[in-house]
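Student: Please read through the structure below; I'll follow up with questions.
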Amino acid sequence: MTVPVGIIMGSQSDWATMKEAAAVLDELGVGYETRIVSAHRTPDRLWDYGRSAVDRGLRVIVAGAGGAAHLPGMMASKTRLPVIGVPVQTRALNGVDSLYSIVQMPKGYPVATMAIGAAGAANAGLMAAAILALDDPALAQRLDAWREALSASIPQEPVDD
Ligand code: RP5
């Protein structure tokens, strides 16, 4: 089945973070696939995924990795599809290592880099949906409604915890 979004991650251990992207896409009714694709442990898989992404009908790739997080950038080198990078929080360096590994791409191969961790993964899902909504009016309506519901859920005043 053709789905528009590929959610890829460097390791099973990234799924706890990357499932936030999947959850948002579920809420918005956007189809996706999930794959473990490691730049270091499965480089051939990365190459095959990037080479076939356009032909398989993918339109946006959300890529999360931690530490020496080369997956999003290498995927951006391999496909012209928009790649949204999610720096996974690490124990050793708190995810700053992941962020720096993803964000500082050389001219020519951009990665749209999100915040570190779960918020970044959720925002990656929203960013993917926003890209797809450009030519999908029904999705645009669902995204508008999602954003309005979030705004409406924010209280006017704080309360004691
Ligand atoms: C990266 O190394 C992965 O993206 C993951 O965030 C990190 C640690 O991987 P595991 O050792 O938990 O498999 O490639």
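Here full-length UniProt numbering is used: the first residue of the sequence shown is 1, the next is one more, and so on.
Backbone N, C-alpha and C define an ideal beta-carbon position, used for all residues, glycine too.
1. Give me whichever residues DSSP pairs with M9 in a beta bridge.
2. Can you name, in chain order, every residue of its own chain whose Cβ lies under 8 angstroms from the Cβ of I116, other than the five neighbours on each side?
3. Determine, using beta carbons only, whether I84 and V54 come nearer to each other than 8 angstroms.
4. When the distance is taken between beta carbons, is I102 closer than 8 angstroms to P72?
5. Does ligand 2 have even one heavy atom less than 7 angstroms from the beta-carbon of A63?
6. Please say whether A124 and V62 have beta carbons closer to each other than 8 angstroms?
7. I'd like to confirm something about S11: is its beta-carbon nearer than 7 angstroms to some heavy atom of ligand 1, or not?
8. At which residues does the alpha helix (DSSP H) containing I116 begin and terminate?
9. Check whether the Cβ of G66 sits closer than 7 angstroms to any heavy atom of ligand 1, and report yes or no.
10. Assuming the contact rule is C-beta atoms closer than 8 angstroms, R142 and L28 should be a hit. Round their C-beta distance to whole Å, please.
11. Between D44 and ligand 1, is the CB less than 7 angstroms from at least one heavy atom?
Tutor: If we stick to the structure as given:
1. I36 and G64
2. These residues qualify, in order along the chain: P87, V88, Q89, N94, G95, V96, S98 and L99.
3. no
4. yes
5. Ligand 2 is absent from the structure shown, which contains only ligand 1.
6. yes
7. yes
8. From DSSP, I116 is part of no alpha helix (DSSP H); its letter is neither H nor E.
9. yes
10. The beta-carbon distance between R142 and L28, rounded to whole angstroms, is 5 angstroms. This is short enough to meet the 8 angstroms contact definition.
11. No, the Cβ of D44 stays beyond 7 angstroms of every heavy atom of ligand 1.
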